[in-house]
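Data block below; observations after.
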Amino acid sequence: MNRRFSAVKLLVLLVSIIVLTPCGAAFGQQSPAEGARLHYTIIGFTVPEMPQVERYTLQIADGTYIDDRNFNNHIIKTVTSKTNTIMGRVPGWGKSYTWRVTCTGHLLPVVKSAMCHFSTISSAAVDTGNYRLRILKQAARYSHAFVFCDKSRTLYDIKGNAVWYLPVLPGEVGEQSDIRDLKVSGFGTITFANNNSAYEVDYNGNLLWETPVPQQLNNGRPAEYHHELTRLSTGNYMVLSNEYVPWKWNITPGGDSLWQLLPAVTVQNKPIGLPGPASPVMCFGTVMEFDAAGNVVWSWKSSEYFRQISPVRPGNLHKYLATHENSFFFDEQKQVLWVSFKNLSQVMKVQYPAGNVTAVYGNMTDSIMPQNALFCHQHAVKTSKQGYLYLFNNNICHAAASPSAVMLAEPSDNHSEMKKIWEYAYPYKGDYTERRKKAGSAGGNVIELAGGELFVSMCEPYGNVVIVNQQKQLLWDAVLEKKNADEKKWEVESSYRFSIIPTEGNLEHLVFGRKIVDN
C-alpha cells in the first residue's frame, strides 16, 4: 500500500510540474486545440485519461486569461464527468473563451491542466439578424432534441438556438450552397447532398467521404448525385444519381400535353428543354451503393423498368415523363429498397440485391397528371417500425389541397389495394391556393420517433417543422424565418428538409464521433 501511494504521489508531482507548461502539454494532446476557431457552441472537450482520477471537472471562462485570479472571476460553466471526455456549451457566437480541466481522486490531490483558449466564429447561417427558428409551441417530451435545417445549414436546439453550422468547404460547399438532406448518420457523422455531389463530414467539419469524381456515363455526361445520401450499417453509402440514356420520342412538340415541354430532357449538348431533331437523351434516376473507397458495389437503374411500362409511354408512344426520382429508403433488415418518383406520384418497392420491382404504389393510370387519392408529388418515403409505409404528401394535384404526412398499409394480397391509415395536415390559416401561387411545392419529410410520434417538415412555401403524435396532437411547432433587410421584416423561409437528433445522448455521440446505436 505504501509503495502504491508513493507511486501516486510521484505521478502527481510530475503532473504538477508540467501543468504550468503551455496548453496542450499539461496532459498531452487536448481538444479543442489551443487557439481553435469553432463553428459550434456545443463542444467536446478531451484530455488524456489519467490513472487514479475519479472526476474530471471542466471549467469555462468568458474571455481570454492566463492567470488563476482572472480565470476564476469569469467562470461561466462548470461540468463534471467520470471520464476524460466532457461535453460543454458556451453561450455565444463570435466570442473568446478560456478552459481547463481539474482532476481529482481520493488518492490524488487536485491536479489542474494548463489554461487553453478557443473562440466561436459567427456566420450568416447563425446570425439571429438573418435567420431564426421561431418556436410556436415548446416541446415537452423531446425537450433535449436538436434539429438540422437544410436551408440555413444549421443545427438548432429544440428551443430554436443555433448550436452548429456547416462550415465552408473550399471547392465543395459555400455560404450560398443549396444543401439537401443534412442529417446525422449512425456512425456519428453528418451526411448531405450539394451541387451534384454528396458528402460526409465529422462534427468539426472535416471532410471524411464524398461521392467519387463524376464519371463519364452515357453520351459523355458526368454522374450527378442528388437529393439524398445515407450511410448504411455496413459502412457503405447509398445515394441517388442520374443516368442519361438514348430515347426515341415520336411526339411533335407543342401538342395538347403540358408534359410535351419535357423539363427533364437533355438533347445532345442543348440545355434542358424541348427535344430537337436528333434522338433525345433522357434522364432516369438510379440508386448507387458505394464502399468507403468509392467503388460501386451495387446499383439499380429505373430506366430498365420504365422502358416497359405504360405510364411512361401512354398509348404505346415513345413518350417520356419527367419521373423525378427524389428519395429512397433502404430497409436493411428486410432487404427492400423503396424509391419515390415525384412527377409520377409513384413509390416503387425494389428487391435487394436482385433489383426486381415487386410493387408500385400511387398513380397507376395512363393519365399524365395523378388521379389517385393516396398521395401526389410526394417526398421522403420511409417505413415505420410497424411496417407501414409513410411519406410526405405534397398534394399539389388540387390547388386548394393541403400538404400532409401520410401513413399507408400495404395490401395483404394481390387483390386488395394500399390503404391510407393515418394522415396529418398542419392547421394553416388562409387559402392554400394563394400560398402556392407564391412558390412551388418542393421538399418536405417525415421521420418516425422512438415513441411513435412523427417529426414533420413542411414543403415549400411553408416553413413549419413539427412533432405530432398518433392522436394528431401538436407536441412541438417551429417556423424558419429570414429577415427581409429591405423591408425590415421577418418572412417565412422554406427549407427542403429538416432532420432531428432526438436526444442529447445522440448529440454527444456526434460531437465525439462515436457510433449511434439508435438514432
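Counting the sequence shown from 1 gives a position; this note's numbering is that position plus 260.
Where a beta carbon is used, it is the ideal one built from N, C-alpha and C, also for glycine.
Bear in mind the structure is a predicted one, so any value in this text is a computation, not a measurement.
In the three-state DSSP reduction, R401 falls in the coil class, being neither helix nor strand. Look at N502 here: in three-state DSSP terms it is strand.
By the neighbour-count criterion, in which 16 or more other beta carbons inside 10 Å mark a residue as buried, T340 falls on the exposed side. According to the DSSP assignment, S559 belongs to no alpha helix (DSSP H) but to the beta strand (DSSP E) extending over 556-561. Partner residues in a beta bridge of E720, as assigned by DSSP, do not exist.
Ranked by Cα distance from F635, the first of A660, Y612, G647, A665 is A665.
Contact annotation, L651 with K642: C-beta distance approximately 7 Å; criterion of less than 8 Å satisfied. Annotation for E768: the continuous alpha helix (DSSP H) segment containing it runs 764-772.
Of A552, A553, F544, the smallest CA-CA separation from K561 is found for F544. For R567, the closest alpha carbon among the candidates W558, T583, T388, S457 is that of T583. Residue environment: H658 is assigned as exposed (fewer than 16 neighbouring CB atoms within 10 Å of its CB, all protein chains considered). Inclusion of E460 and I450 in the CB contact set at 8 Å is warranted, their separation being smaller than that value. For the pair N496 and T388, the Cα-to-Cα distance works out to about 37 Å. With distances taken between CA atoms, N705 lies nearest to G723 out of Y688, G723, K689. Beta-bridge annotation (DSSP): I450 is paired with V444, V461. Burial state of A710 is exposed, judged by a 10 Å Cβ sphere holding fewer than 16 other Cβ atoms. Separation of the CB atoms of S717 and V725 is rounded to 5 Å, and the pair is thereby assigned contact status at 8 Å. Here N654 is actually not in contact with S587; their C-beta atoms are around 12 Å apart, not less than 8 Å. Taking the Cα of L396 as reference, the smallest distance to any Cα among Y621, H487, I418, P472 is reached at I418.
The C-beta separation of Y648 from R440 comes to about 25 Å, leaving the pair out of contact by the 8 Å criterion. The way I'd put it, the stretch 380-387 doesn't touch the stretch 728-741; fewer than three beta-carbon pairs between them come closer than 8 Å. Taking K342 as the centre and dropping the five residues before and after it, the same chain places the C-beta of E314, R315, Y316 closer than 8 Å to its C-beta, in chain order. Just so you know, the alpha carbons of C409 and G765 end up roughly 20 Å apart.
Under the DSSP assignment, R329 falls in the alpha helix (DSSP H) whose first and last residues are 328-333. In the three-state DSSP reduction, L709 falls in the coil class, being neither helix nor strand. Restricting attention to beta strand (DSSP E) runs no shorter than 3 residues, the stretch 359-400 encloses them at 368-372, 376-380, 391-397, ordered along the chain. Residue state for L604 is assigned as helix, using DSSP reduced to three classes. Take G773, set aside five residues on each side of it, and the residues of its chain with a beta-carbon closer than 6 Å to its own are G448, D462, in chain order. For S445, same chain residues with a beta-carbon under 6 Å away, outside a window of 5 residues either side, are T451, R491 in chain order. In this structure, T345 is the residue among T345, L467, V620, G622 with its C-alpha nearest to the C-alpha of V771.
Residue pairing by DSSP puts H639 in a beta bridge opposite F652. Y756 carries a coil assignment under DSSP once its states are collapsed to helix, strand and coil. Nearest Cα to A553 within the set E564, T618, P472: P472.
Bounds of the beta strand (DSSP E) holding Q319 are 315-322. Around the beta carbon of I681, a 10 Å sphere encloses fewer than 16 other beta carbons of the protein chains shown; the residue is thus reported as exposed. Where A296 is concerned, the enclosing beta strand (DSSP E) starts and stops at 296-298.
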